[in-house]
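So the sequence shown is residues -24 to -1, 1 to 463, counted in mature numbering (1 follows the signal peptide of the UniProt record, and there is no 0). Note that beta-carbon positions come from the ideal geometry of N, C-alpha and C, so glycine has one too. Below: one structure, written as structure tokens.
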Amino acid sequence: MKSFNRPTPYHALWLLAAAWPLYAADVPLSATEAQVPDPVFFEQTEPPKPSENLLQPPAVEQAKPAPALSEADLRGNAALTTELINRALVAQQWDLLAELLAVYPQAEGYDAMLYDYARGAWLRSQQRYPEAVALYRGIVAQQPNLAYPRFDLGVMLFENKQYREAAAELSRAEPDLAAPMQALVQRYQAAIAKQQGWQPNVNLQYEQTDNVNNASAEREILLGGTRFVKNEESLPQSAHGFRYGVGLAREVNVGGNHFVGADAGFDGVHYWDNQDYSEQSLNLSGAYRWRDFHQSAGIVPFVTQNWLGGSRYSRQFGATLEYSRRLNARWQASAAYTHMQRRYAEEAVAQRHNGALNQISATLMWQPASKWLLFGGADYSRDHTRDQSESSARNGGRIGAVYAAPDWGARISLRYVLRDFEADNDFFGYPRRDKEYHAGAALWHNKLAWKGLVPKLNFRYLKIDSNIPAFYSRSSAQWFVSVEKQW
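Next up, the structure:
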């Protein structure tokens, strides 16, 4: 769960008694930035193997290997070229097939439908789905009773995220297919239903912190030559409890490559020994996305209501524009822009912290092998609040790696952020500047899973070095166990 936007009161300096909660407030990192989605492994799509040859060419005795044949030989013998095309299709020899297709239309008596069928399969192997789909639509339009090309068309549409059309083509092809192919159709239909069904998720973790109020550990503050001493409530406080979260999401293909979605979640943290800092958040969002095999683009409006210590505390609303693209089999890039408005329930807090956040992030992912995913990214955000001294800009970078073997997995991430405030601090007469260091790690073993519940050992570290250390410098390190389940 991400902590919400919570300026933290210190209640400390006896000389500033009433004003202190308004001025000595800090905002956790996760509260002033929109969440960047975790990188996930790329989808793997194997090059297709034709389900059935469109033509059954006459037998060719002692057909020579293609490399020993000249273009003249291939153009002069359509039957031979047809045989070689079929062999290349079955063996998935895509480079050879491309060479044969370049010559085949020049052969006397060539079959235009076979050419379209073979070229469509080659285009599909290159992930050029719109062109491949167009060719196969032409084939089934000319001969609607060809079940196997229609099956291949359905699979192409599935791979290109056109689930609604894929389901229709597969259903139409199924009655005329052999029994093993009918079973394959049913598996595709089940995958389509799963992709578009409701996706619940549940997580639970034990929480232990020695700084639940995000306070600096420095006990004394020097202001204008006068030394002040914080009371105990203004120093870091410990807390023990558990974090939890439940959610339900769904995304449906409404036609072509167009998707609409909805997401609802409730999460929080309950501290049994410091309940004033227990939090709850209700999150609702919708989504429109355009998705195909190569890329995804969309807009996600959202609204969040937060509670602190059992009382309404704040709400956020806004929208995220997102885009991701697969560059090739190993590389993928994504970017997002978020605009968010924040409103606080307490007037004293609202007067200083109501405002807007604009954030842009970019991520580059590299998957050198099926078990490894490496990623890096950069983030920039501008936080505008009513009190200019609380407005700030953040610049940051992050790197990380994920390893996922069949039995176990691990994840590590590092992040650095430089945060500059726009105006002079009310007490110190110069702008605040923070350097933030973040580290996280997780380790899990799938053999420890029970009924889909996967326990993970996690580590989280945060250190903030501020040029106003008595107010804002702090650090924390946590080991904890979480349990997650996604259907």
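Contiguous alpha helix (DSSP H) elements confined to the segment 155 to 235 occur at 155 to 172, taking only those with 4 or more residues.
In the structure shown, residue 115 falls within a helical segment according to DSSP collapsed to helix, strand and coil.
Boundaries around residue 391 are those of the beta strand (DSSP E), 384 to 400, since no alpha helix (DSSP H) includes it. Residue pairing by DSSP places residue 294 opposite 278 and 316 in a beta bridge. Collapsing the DSSP output to three states places residue 128 in a helix.
The beta carbon of residue 390 is closer than 6 Å to those of 375 and 415 in its chain, skipping five residues each way along the sequence. Per DSSP, reduced to three states, the secondary structure at residue 408 is strand. Under the three-state reduction of DSSP output, residue 96 falls in the helix class.
Annotated three-state conformation of residue 423 is helix, per DSSP. Between the C-alpha atoms of residue 192 and residue 224 there is a straight-line separation of about 38 Å. Pairwise C-beta distances place the segment 251 to 267 in contact with the segment 233 to 240, as three or more of them are shorter than 8 Å. For the pair residue 292 and residue 318, the CB atoms are nearer than the 8 Å cut-off. Around the CB of residue 406, fewer than 16 other CB atoms lie within 10 Å, so the residue is classed as exposed. DSSP places residue 327 in no beta strand (DSSP E) but in the uninterrupted alpha helix (DSSP H) bounded by 323 to 329. Contact annotation: the segment 126 to 145 does not touch the segment 178 to 189, with fewer than three C-beta pairs closer than 8 Å. Boundaries cannot be given for residue 403, as no beta strand (DSSP E) includes it and DSSP labels it neither H nor E.
Under the three-state reduction of DSSP output, residue 431 falls in the strand class. When secondary structure is reduced to three states using DSSP, residue 269 falls in the coil class, being assigned neither helix nor strand.
By the 16-neighbour rule on beta-carbons within 10 angstroms, residue 137 is buried. Here residue 410 is near residue 440, since their CB atoms are less than 8 Å apart.
For residue 413, the beta-bridge partners assigned by DSSP are 392 and 439. Rounded to whole angstroms, residue 162 and residue 127 show a C-alpha spacing of 12 Å. Segment contact: the segment 345 to 352 against the segment 310 to 329, fewer than three CB-CB distances shorter than 8 Å; contact not assigned. Under the three-state reduction of DSSP, residue 252 is assigned to helix. Residue 331 is not a Cβ neighbour of residue 315, given a cutoff of 8 Å.
For residue 71, no beta strand (DSSP E) run applies; the uninterrupted alpha helix (DSSP H) run containing it begins and ends at 70 to 79, by DSSP. Under DSSP, residue 134 takes part in no beta bridge, so it has no partner. In the three-state reduction of the DSSP assignment, residue 448 falls in the helix class, which pools H, G and I.
Rounded to the nearest angstrom, the gap between the Cα atoms of residue 88 and residue 54 is 12 Å.
Secondary structure of residue 86 (DSSP, three-state): coil. If you draw a straight line from the Cα of residue 210 to the Cα of residue 190, it is about 10 Å long. In this structure, residue 221 keeps its C-beta atom at 8 Å or more from the C-beta atom of residue 252. In the three-state scheme derived from DSSP, where H, G and I count as helix and E and B as strand, residue 103 is classed as coil. Secondary structure at residue 121: coil, using DSSP grouped into helix, strand and coil.
Under the DSSP definition of a beta bridge, residue 139 lacks any partner.
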